Amino acid sequence: MQGNENRHGGPMAPLALAALGVVYGDIGTSPLYTVHEIFAGAHHPVPVSHDNVLGILSLIFWSLMIVVSLKYVAFIMRADNKGEGGVMALMALVLRGAAGKPYAHGLMLLGLFGAALFYGDGVITPAVSVLSAVEGLEVVTPDFKPFILPIALAVILTLFLFQRHGTASIGKLFGPVMTVWFAALALMGVVSIARYPAVLAALDPRHALGFIAADPRLAFLSLGAVVLALTGAEALYADMGHFGRQPIQLAWFGLVLPALVLNYFGQGALLLTHPDAIENPFYRLAPDWALMPLVGLSTLATVIASQAVISGCYSITQQAMQMGYSPRMAVLHTSDKEQGQIYLPTVNWLLLLAVMALVLGFGSSSNLAAAYGIAVTGTMVITSILAFIVVRSLWGWSLTMGALVLGGFLVLDGAFFFANATKIKDGGWFPLAFGIGLFVIMTTWKRGRVLLRRRLEAEAMPMTDFMASLALSPVPTTPGTAIFMTPDASMVPHPLLHSLKHYQVIHERVVLLSVHFIDTPYVPEGERLTVSHLRDNFWHVAVNYGFKDEPDIPLALDHCAAQGLPLDLAEVSFFLGRETIIPRLGGQLPLWREKLFVALFRNAGSATDFFKLPSNRVVELGSQVTL
Numbered sequence: 001m002q003g004n005e006n007r008h009g010g011p012m013a014p015l016a017l018a019a020l021g022v023v024y025g026d027i028g029t030s031p032l033y034t035v036h037e038i039f040a041g042a043h044h045p046v047p048v049s050h051d052n053v054l055g056i057l058s059l060i061f062w063s064l065m066i067v068v069s070l071k072y073v074a075f076i077m078r079a080d081n082k083g084e085g086g087v088m089a090l091m092a093l094v095l096r097g098a099a100g101k102p103y104a105h106g107l108m109l110l111g112l113f114g115a116a117l118f119y120g121d122g123v124i125t126p127a128v129s130v131l132s133a134v135e136g137l138e139v140v141t142p143d144f145k146p147f148i149l150p151i152a153l154a155v156i157l158t159l160f161l162f163q164r165h166g167t168a169s170i171g172k173l174f175g176p177v178m179t180v181w182f183a184a185l186a187l188m189g190v191v192s193i194a195r196y197p198a199v200l201a202a203l204d205p206r207h208a209l210g211f212i213a214a215d216p217r218l219a220f221l222s223l224g225a226v227v228l229a230l231t232g233a234e235a236l237y238a239d240m241g242h243f244g245r246q247p248i249q250l251a252w253f254g255l256v257l258p259a260l261v262l263n264y265f266g267q268g269a270l271l272l273t274h275p276d277a278i279e280n281p282f283y284r285l286a287p288d289w290a291l292m293p294l295v296g297l298s299t300l301a302t303v304i305a306s307q308a309v310i311s312g313c314y315s316i317t318q319q320a321m322q323m324g325y326s327p328r329m330a331v332l333h334t335s336d337k338e339q340g341q342i343y344l345p346t347v348n349w350l351l352l353l354a355v356m357a358l359v360l361g362f363g364s365s366s367n368l369a370a371a372y373g374i375a376v377t378g379t380m381v382i383t384s385i386l387a388f389i390v391v392r393s394l395w396g397w398s399l400t401m402g403a404l405v406l407g408g409f410l411v412l413d414g415a416f417f418f419a420n421a422t423k424i425k426d427g428g429w430f431p432l433a434f435g436i437g438l439f440v441i442m443t444t445w446k447r448g449r450v451l452l453r454r455r456l457e458a459e460a461m462p463m464t465d466f467m468a469s470l471a472l473s474p475v476p477t478t479p480g481t482a483i484f485m486t487p488d489a490s491m492v493p494h495p496l497l498h499s500l501k502h503y504q505v506i507h508e509r510v511v512l513l514s515v516h517f518i519d520t521p522y523v524p525e526g527e528r529l530t531v532s533h534l535r536d537n538f539w540h541v542a543v544n545y546g547f548k549d550e551p552d553i554p555l556a557l558d559h560c561a562a563q564g565l566p567l568d569l570a571e572v573s574f575f576l577g578r579e580t581i582i583p584r585l586g587g588q589l590p591l592w593r594e595k596l597f598v599a600l601f602r603n604a605g606s607a608t609d610f611f612k613l614p615s616n617r618v619v620e621l622g623s624q625v626t627l
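In terms of UniProt numbering, the sequence shown opens at residue 1 and continues consecutively.
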């Protein structure tokens, strides 16, 4: 990157503004509940005293500096996969660096579990953020208390119902709204600090160390709530591909970090002068006349924060589908201009049900905060472990250097993780169980697909033998081109054998089409497609997509003519296999996992929709397969 431009082709300032609305919603709304949860939460609250307040503020400040600023913004964001970030992109990098190593499979499972934990965060973020914003109405007047849950549920329902319309129309407002939000955070903090400037002494790390030394057990347990100030740090890395590294860094150091620190210190100053403000220190920072506007602004900010997490779940699901870890499901594009703006109805409704169940089950943001953190810190630990493999295998760091840098981050991440592990019985079990459930589904799908492919390959015939037999014993041909989708062009696709068996003819031109998803985010159009002439009327077309590309087979096949294979899609027939899976005892998967795979397989979206094939040109030929 040079000067004031970035790889996205525009000046950094507008991109930094846009990043405020997408990247920083989660961490930016943390002041709503973090300080309250530390000092008045249901899980090991810290007594309000001068030393404790300064110690906690110092912990928050240095956690933001080390974990967010140093680890994520300055270091982890360098581990990009051709500009893309996030745990799935990092996993692809790791698998590239660990190819052929005995621990590669274990690292793949670890990265997959990190992605599954992200969904746990995706469920809790809308619930705790929206609830904490709406609870500000109680500060206005206690008469609002009976209406908190219904209003929060209505906001959440509206948010998820709006997803199918996309964010293109209102996305332009996200950045300006979040700019106003961070300005409000900073202003409220400055006014409060001005009334008690001695709170700035907490910038000295000795206050954090003194708090830890005074009561190590309480300090350790308090980390379970301090980490709430860091939730959303993964979003800086995961959303790097949308804006580029520099705009995200500019937004963080230029506005977000100063605003967060000022607001946390403002809440601390308020507690030191008015300890009774602990009931809701965030809203008590505001004058009475500003409470209702602040509740409205907070609700908008939490909706934007939730939108970013929901969109992240869509994106990870799409990547998981294309990397073979998730069944195909409908992917709808909500923007003609932005490829990344997608909507997955199945994911949307499952998230909505889970979020509403959380709101109704936990009832308050304080109760939900007890469940918040275990998924986030688990992903942070996994990111540090995977990053260690990257710096060793791809960047060429020495073992000592890698252990010093990543080991230091891992110690901090581990401390936060184990502190949150103490909250498992108080609600932390939910995101953990949610993530484990998704991990089981993803690994079952991947393993089932591998076993299914092996089963089909064991019964398949080598393509060379098949073509040779046709040369010796010709069969009648029918006009047109038949395209058979197959993962392995060296073997005869089952639909081709079934077609020949049923129709007793073969098309005058047969194309074996193989689609491969590789470990890069995007594949340039010029490298998308390769055409090979096998023999006589047989051709092979290989199409490559990155894990963030949008598969579009008809569009890709337009490039065949340039490589000697002109295709008129109006005269082409696509032949697909549709297998019926029959589970059996004594297979390579436990029976319950076989039944799970069968259920997933039956309900998976069609290849026709996934690859954008013209439905009136598709022929499906079925067969039964026993795993």
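Built from N, CA and C at the ideal position, the CB exists for glycine as well. Small disclaimer: the values here were computed from a predicted structure and weren't measured.
Rounded straight-line distance, which links the Cα of residue j to that of residue i
i: D419; j: R584; result: Going by the sequence as given, residue 419 is Ala instead of Asp. Using only the alpha carbons, I get a separation of about 44 Å.
i: V505; j: F610; result: 29 Å
i: L285; j: P205; result: 25 Å
i: A238; j: D80; result: 10 Å
i: L576; j: P493; result: 9 Å
i: E260; j: S514; result: Here residue 260 turns out to be Leu, not Glu, going by the sequence shown. Near 50 Å, if we compare the C-alpha coordinates of S514 and L260.
i: residue 630; j: G266; result: This structure cannot speak to residue 630, because the chain is shown only from 1 to 627.
i: residue 629; j: N537; result: Residue coverage of the chain in this structure runs from 1 to 627, which leaves residue 629 outside it and unanswerable.
i: T608; j: I212; result: 59 Å
i: A308; j: M77; result: 18 Å
i: F75; j: A387; result: 10 Å
i: residue 641; j: F574; result: Here the chain comprises residues numbered 1 to 627, so residue 641 is not present and cannot be evaluated.
i: T481; j: L512; result: 11 Å
i: T422; j: L221; result: 8 Å
i: T477; j: S326; result: 39 Å
i: residue 628; j: F547; result: Nothing about residue 628 can be read from this structure; the chain reaches only from 1 to 627.
i: V94; j: A599; result: 31 Å
i: V390; j: Y72; result: 15 Å
i: L451; j: L627; result: 7 Å
i: F243; j: A16; result: 8 Å
i: A433; j: P487; result: 34 Å
i: L565; j: E234; result: 45 Å
Pair within 8 Å by beta-carbon distance, residue i and residue j
i: F362; j: A371; result: yes
i: S306; j: V510; result: no
i: A369; j: V48; result: no
i: L358; j: Y314; result: no
i: S398; j: A229; result: no
i: A202; j: F61; result: yes
i: L185; j: N263; result: yes
i: G373; j: G224; result: yes
i: I124; j: P431; result: yes
i: E37; j: S366; result: yes
i: G21; j: V226; result: no
i: G97; j: L470; result: no
i: M461; j: R535; result: no
Buried or exposed by the 16-neighbour rule on C-beta atoms within 10 Å, applied to residue i
i: D413; result: buried
i: W289; result: exposed
i: Y503; result: exposed
i: S58; result: buried
i: N616; result: exposed
i: A489; result: buried
i: Q2; result: For Q2, the predicted structure reports a pLDDT of 34, less than 50, and the residue's modelled location is therefore unreliable. A value from the coordinates is still provided. Burial call: exposed.
i: E457; result: exposed
i: V46; result: buried
i: F282; result: buried
i: N6; result: Unreliable placement is indicated for N6, whose pLDDT of 46 sits below 50; the coordinate value is still reported in the next sentence. Its Cβ being crowded by 16 or more others within 10 Å, N6 is buried.
i: Y103; result: exposed
i: E571; result: exposed
i: N603; result: exposed
Start-to-end residues for the beta strand (DSSP E) that takes in residue i
i: P126; result: Per DSSP, P126 belongs to no beta strand (DSSP E); it is in the alpha helix (DSSP H), A104 to V134.
i: M292; result: Per DSSP, M292 belongs to no beta strand (DSSP E); it is in the alpha helix (DSSP H), L291 to Q322.
i: G546; result: F538 to G546
i: A482; result: T477 to M485
i: L512; result: I506 to I518
Residue span of the alpha helix (DSSP H) that contains residue i, given as start and end
i: S398; result: Where S398 is concerned, there is no enclosing alpha helix (DSSP H), given that its DSSP letter is neither H nor E.
For the 8 Å Cβ check, are there 3 or more pairs between the region 103-114 and the region 136-146? no
Is there contact between the region 588-605 and the region 546-553, where contact requires at least three CB pairs shorter than 8 Å? no
Contact between the region 189-197 and the region 268-277 is defined here as three or more beta-carbon pairs at a separation below 8 Å; is this criterion met? A contact exists between the region 189-197 and the region 268-277.
Using a Cβ distance threshold of 8 Å, determine whether the region 374-381 contacts the region 400-416, with at least three qualifying pairs required. yes
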